[in-house]
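Accompanying notes for the structure given below.
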Amino acid sequence: MSDIVNTQSPLGSVSVEQFFAEYWQKKPLLVRQAFPGFISPISPEELAGYALEEDITSRLIIETPTDDPLHSLWQVKHGPFPETVFAELPEKHWTLLVQNLDSFNEAANQLLQSFRFLPNWRLDDVMASYASMGGGVGPHFDYYDVFLLQGLGSRRWKLGQICDAQSPLLPDVAMQILTEFDTNEEWVLEPGDMLYLPPQLAHWGTAASDNCITYSIGFRAPSHEDILLDFCQEASSFLLQDQRYTDIDLKPTKYCGEIPCSAISQVQNILQTYTGDTGKIAEWFGKYMTQPNMDTEFSPISPMLFDELTATNSFQLSPHVRAAYFQLPDEQCMLFINGMKWLTNTALASGLSAYQTLYWSKLTKEQQAVIAELCEYELLIENRGE
Numbered sequence: 001m002s003d004i005v006n007t008q009s010p011l012g013s014v015s016v017e018q019f020f021a022e023y024w025q026k027k028p029l030l031v032r033q034a035f036p037g038f039i040s041p042i043s044p045e046e047l048a049g050y051a052l053e054e055d056i057t058s059r060l061i062i063e064t065p066t067d068d069p070l071h072s073l074w075q076v077k078h079g080p081f082p083e084t085v086f087a088e089l090p091e092k093h094w095t096l097l098v099q100n101l102d103s104f105n106e107a108a109n110q111l112l113q114s115f116r117f118l119p120n121w122r123l124d125d126v127m128a129s130y131a132s133m134g135g136g137v138g139p140h141f142d143y144y145d146v147f148l149l150q151g152l153g154s155r156r157w158k159l160g161q162i163c164d165a166q167s168p169l170l171p172d173v174a175m176q177i178l179t180e181f182d183t184n185e186e187w188v189l190e191p192g193d194m195l196y197l198p199p200q201l202a203h204w205g206t207a208a209s210d211n212c213i214t215y216s217i218g219f220r221a222p223s224h225e226d227i228l229l230d231f232c233q234e235a236s237s238f239l240l241q242d243q244r245y246t247d248i249d250l251k252p253t254k255y256c257g258e259i260p261c262s263a264i265s266q267v268q269n270i271l272q273t274y275t276g277d278t279g280k281i282a283e284w285f286g287k288y289m290t291q292p293n294m295d296t297e298f299s300p301i302s303p304m305l306f307d308e309l310t311a312t313n314s315f316q317l318s319p320h321v322r323a324a325y326f327q328l329p330d331e332q333c334m335l336f337i338n339g340m341k342w343l344t345n346t347a348l349a350s351g352l353s354a355y356q357t358l359y360w361s362k363l364t365k366e367q368q369a370v371i372a373e374l375c376e377y378e379l380l381i382e383n384r385g386e
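When you line the sequence shown up against the working numbering, it's residues 1 to 386, in that order.
This is how it looks when you write it as structure tokens:
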């Protein structure tokens, strides 16, 4: 499957530095033949088979066109589906979405290797969209960055305006479909072509052929609400009942209903106790951003047993897990894998999180202790020689 990985930059003539300076989270980029000669690693039949599985997140989107393209009628159905569902679909205007492909399909996971110029902890998942002629999910926008790689057939993309939470949406639909769309650019993508879209840019993709497959490489962009809720939940899990609000120099009050500034300052001090500690924030954030998508809990690669690891000597972190690290003083760091934390040195954390080949015999005893734990969690695999 190594031919799936693009050995050249998927950004074409645009350098990585130029991409970050001019395009990332700023404006779209179309790259013709970003993956030259690309052949879809997953067939329509395989995607349909995944949609029958209970542990895999899938959806069917069925559009009934009207005289106004912005006011079609939409149906959203969630998997798993019975085998008969595909025989009951209309000839045109439907789409099957299968999410988190990188978690359980090795070929989809290898697509991510071409995007390692971006941080691991920002990657979310690889989703595939299979569509019949005219199929799509309507005009919409996302709050995250996405690369759209055409895998099979062709798809027409229209790009529109910048949107926000106040943008008008079609009512009574289980999707966020825009009722206004101002087309600024329009392209048809063929296999190997790729389109980068920044957050909040309206886009409208429609299959221009039958058997149309598009791969979406999406990135994590947690909302401030999600960040606050998860951090507070993490912080509160370690608090004791005797940690309470207390008064500082409380004095007689003339107005019994007034909340004094001193009380607000006291609450601010309590909150800053937890938000002002860089180490605590880094530990929470590393675990939070490496949490796996919980929809799928299996891997196509068998993990290594400890005896196998020591016998073969070489190993690597499974590419189907999420890994990152945060640098601490004195070449130490916090290593995060699938929402868990280990303390180790930078050399080991860097090698693991880059999915590099490592050698048991070259590790220190402290490093070997960490590797033994990772082996117990079934996070390591045999070196794939890539």
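All C-beta atoms in this analysis are idealised placements derived from N, C-alpha and C, irrespective of residue type, glycine included.
Alpha carbon to alpha carbon, how far is F147 from S216?
-> So the two alpha carbons sit approximately 6 angstroms from each other.
Can the beta-carbon of L149 be found less than 8 angstroms from the beta-carbon of T214?
-> yes
Is DSSP giving L148 helix, strand or coil here?
-> strand
Beta-carbon contacts of A221 that lie in its chain and below 6 angstroms, excluding the five residues immediately before and after | Y143, Y144
Rounded C-alpha distance that separates A128 from A108 = 9 angstroms
Rounded to whole angstroms, what's the CA-CA distance from L271 to M334? Just pull it up for me.
-> 24 angstroms
Excluding five sequence neighbours on each side, which residues of the same chain lie with their C-beta closer than 7 angstroms to the C-beta of Q176?
-> H140, L169
Through-space distance from H203 to D232, alpha-carbon basis = Just to set this straight, residue 232 is Cys in the shown sequence, not Asp. Answer to the nearest angstrom: the Cα atoms are 35 angstroms apart.
Let me know the secondary structure DSSP gives R122 once reduced to three states.
-> helix
Exposed or buried, which one is N105 when buried takes at least 16 other CB atoms within 10 Å?
-> buried
Pick helix, strand or coil for Y255, following the three-state DSSP scheme.
-> coil
With DSSP as the reference, label T206 as helix, strand or coil.
-> strand
Report the option in A324, E180, I301, S262 whose CA atom is closest to the CA atom of Q166.
-> E180
So which of L70, Y23, S361 has the shortest CA-CA distance to V173?
-> Nearest C-alpha to V173: L70.
Using the C-alpha atoms, what's the distance from T278 back to I39?
-> Roughly 45 angstroms between the two C-alpha positions.
Going by Cα to Cα distance, which pick from G37, G134, R156 is closest to I62?
-> G134
Hey, G153 and D210 are a contact pair by Cβ (cut 8 angstroms); roughly how many whole angstroms apart?
-> 7 angstroms
Under 8 angstroms between C-beta atoms of F326 and C375 | no
For my contact list, I56 and V98 are in at a C-beta cut-off of 8 angstroms; report their separation, rounded to the angstrom.
-> 7 angstroms
From the DSSP output, in three-state form, read off M127 for me.
-> strand
Quick one: Cα of S2 to Cα of L111, how far?
-> The predicted model places S2 with a pLDDT of 41, which falls under 50 and marks its position as unreliable, so this point remains unresolved.
Span of the alpha helix (DSSP H), counted from its first residue to its last, around C232 | 224-236
Meets three-Cβ-pair contact criterion under 8 angstroms: the stretch 247-262 and the stretch 225-239 | The answer is no - the stretch 225-239 does not touch the stretch 247-262, with fewer than three Cβ pairs under 8 angstroms.
Rounded to whole angstroms, what's the CA-CA distance from P260 to T344? Just pull it up for me.
-> For P260 and T344, the distance between alpha carbons rounds to 47 angstroms.
Give me the Cα-Cα distance between V85 and V370, rounded to the nearest whole angstrom.
-> 48 angstroms
Under 8 angstroms between the Cβ atoms of V137 and T95?
-> yes
What residues in its chain sit with their C-beta under 7 angstroms from that of A207, if we drop five residues either side in the sequence?
-> Taken in chain order, the residues that qualify are A131, S132, M133, G134, G135, G136, G153, R155.
Of the listed residues Y355, Q367, P329, L178, nearest to D68 (C-alpha basis) = L178
Taking 8 angstroms as the CB-CB limit, is T273 close to chain D?
-> Among the chains in the structure shown there is no chain D, since it carries only a single protein chain.
Local conformation of E376 per DSSP, three classes | Residue state for E376 is assigned as helix, using DSSP reduced to three classes.
Contact set for L30: own chain, Cβ-Cβ below 7 angstroms, skip 5 residues either direction | Within its own chain, the residues whose Cβ lies closer than 7 angstroms to the Cβ of L30, once the five positions on either side in sequence are excluded, are W187, L195, listed in chain order.
Along the beta strand (DSSP E) that carries K77, what are the first and last residues, could you check?
-> 73-78
Assigned secondary structure, Q113 (DSSP; H/G/I helix, E/B strand, else coil) | helix
Would you kindly check if the distance between the Cβ of L73 and the Cβ of T66 is under 8 angstroms?
-> Remark: C-beta atoms of T66 and L73 approach each other more closely than 8 angstroms.
May I have a chain-ordered list of the alpha helix (DSSP H) segments no shorter than 4 residues that lie completely inside the stretch 23-107?
-> 44-50, 101-104
Contacts around Q25, its chain only, beta-carbon distance under 7 angstroms, and the 5 residues preceding and following it disregarded = D145, P198, P199
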